[in-house]
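Position 121 of the sequence shown, counting from 1, maps to 121 under the UniProt record's numbering, and the rest follow consecutively. The beta-carbon is built from N, C-alpha and C at its ideal position, and this holds for glycine as well.
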Amino acid sequence: MTPSPPPPPAPGKGMRRRIVGVSTKMYFSAARTEAFVQDLLGMLESPPSSADAPGSDPRSGSETPHADFRSGSGSASGGGGNLLDLIDVFIIPDHITLAGVVRQTEMVKGRSKVIVGAQDCYSEDAGALTGEVSPAVLAEVGCGIVELGHAERRRLFGETDASTAAKAAAVARNGMLPLVCVGEVARVSTLEEGIDAATKEVLGQVRCVLAALPDDADVVLAYEPVWAIGASEPAPVEHVCGVVRRVRASAAVQGRTGQTRIVYGGSAGPGLFARLVGGEVDGLFLGRFAHDPAQFYRTICEVAEA
């Protein structure tokens, strides 16, 4: 099988490429996954007109304008070009359908730029490890990004910062991009104290992971406050931007030669990213709000345009 294309080479630290993606968790059947990917790829290849494209936030009912990328308008850099030339887009299905999704993306004009990811992997490439998923095999079948350290895996399966760091090292070793979930467990009522407490907790997680990675390895950190996962609304913008700015300014991040992008997750959805611009956030990691391919496409456009 021809591997799917890896993420484009990362630009310099001052030119971080935006990235947006979705995990289907364990909500989709195989048939629904195939249909979701087919619908999304159709929109990316032949964007709907402005009149037909999705424009309402299902949570707020507000209308959000978006560009028609068929003409190259509305690009994040002000120039023309395809939507996927502007930002990285990834889909993380379940492990069973992953190879099929890779094949689906390869069928669109020969090679699609959509990155296909996995929801987890083990820290070793091979061995007597019944039920685990090999990062080497993921890379072999065309996986380009691997989600690690999600709060659900920490809570349900006892995963730790150390085990997440070991998995991140394995992902990087096999030429894939680690997508490492970090975030504080409890919410503090006041803004400044909340940012202080969250930053301290998150930086502990970040330092552990980055210490396990080669200095030149690229990584994406998904900042997902545990208390915001599955909530009706995302964390307040001021809180998200405050934590992300401090993490990015830390010695652990600034001292690396590899690129560290930071995205927000935790009830993220359409209409959010424009409010995060200027807060050092590089994109969004979406869950159930993007399980409608039209809403996912709309959010991709928003991240590219903002």
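Return the CA-CA distance between residue i and residue j, expressed in angstroms with no decimal places.
| i | j | result |
| --- | --- | --- |
| residue 158 | residue 152 | 9 Å |
| residue 133 | residue 126 | 9 Å |
| residue 48 | residue 200 | 44 Å |
| residue 267 | residue 225 | 10 Å |
| residue 122 | residue 140 | 15 Å |
| residue 71 | residue 131 | Note on residue 71: pLDDT 34, under 50, position unreliable in the model; no value is reported. |
| residue 35 | residue 287 | 17 Å |
| residue 169 | residue 209 | 8 Å |
| residue 194 | residue 230 | 19 Å |
| residue 166 | residue 129 | 15 Å |
| residue 105 | residue 260 | 26 Å |
| residue 271 | residue 164 | 31 Å |
| residue 213 | residue 253 | 12 Å |
| residue 198 | residue 30 | 37 Å |
| residue 306 | residue 295 | 16 Å |
| residue 250 | residue 291 | 34 Å |
| residue 192 | residue 206 | 21 Å |
| residue 236 | residue 118 | 29 Å |
| residue 43 | residue 234 | 26 Å |
Thinking C-alpha only, which one of the options is nearest residue i?
| i | options | result |
| --- | --- | --- |
| residue 114 | 284, 102, 183 and 262 | 102 |
| residue 257 | 211, 235 and 273 | 211 |
| residue 91 | 196, 275, 143 and 82 | 143 |
| residue 24 | 147, 42, 190 and 161 | 147 |
| residue 15 | 44, 42 and 86 | 86 |
| residue 174 | 189, 145 and 156 | 145 |
| residue 94 | 234, 247 and 33 | 33 |
| residue 171 | 203, 135 and 192 | 135 |
| residue 243 | 223, 234 and 255 | 223 |
| residue 297 | 27, 26, 28 and 88 | 88 |
| residue 285 | 275, 300 and 46 | 300 |
Grouping DSSP H, G and I as helix and E and B as strand, with all else coil, what is residue i?
| i | result |
| --- | --- |
| residue 261 | strand |
| residue 60 | Residue placement at residue 60 cannot be trusted, given a pLDDT of 43 that sits under 50; what the coordinates show is reported in the next sentence. Coil at residue 60, not helix or strand. |
| residue 28 | coil |
| residue 165 | helix |
| residue 19 | strand |
| residue 208 | helix |
| residue 141 | coil |
| residue 133 | coil |
| residue 121 | coil |
| residue 215 | coil |
| residue 86 | helix |
| residue 175 | coil |
| residue 233 | coil |
| residue 283 | strand |
| residue 226 | helix |
| residue 302 | helix |
| residue 221 | strand |
| residue 116 | strand |
| residue 37 | helix |
| residue 146 | strand |
Using C-beta distances below 6 Å, list every residue in its chain close to residue i, excluding the 5 sequence neighbours before and after it, in chain order.
| i | result |
| --- | --- |
| residue 187 | 227 |
| residue 221 | 180, 182 and 262 |
| residue 293 | 36, 39 and 40 |
| residue 283 | 18, 19, 20, 263 and 303 |
| residue 84 | 113 |
| residue 241 | 279 |
| residue 289 | 269 |
What does a CB cutoff of less than 7 Å around residue i pick up in its chain, not counting 5 residues either side in sequence?
| i | result |
| --- | --- |
| residue 218 | 10, 177, 258 and 259 |
| residue 155 | none |
| residue 245 | 279 and 280 |
Grab me the residues of residue i's own chain with a C-beta within less than 8 Å of its C-beta, minus the 5 sequence neighbours each way, in chain order.
| i | result |
| --- | --- |
| residue 162 | 208 |
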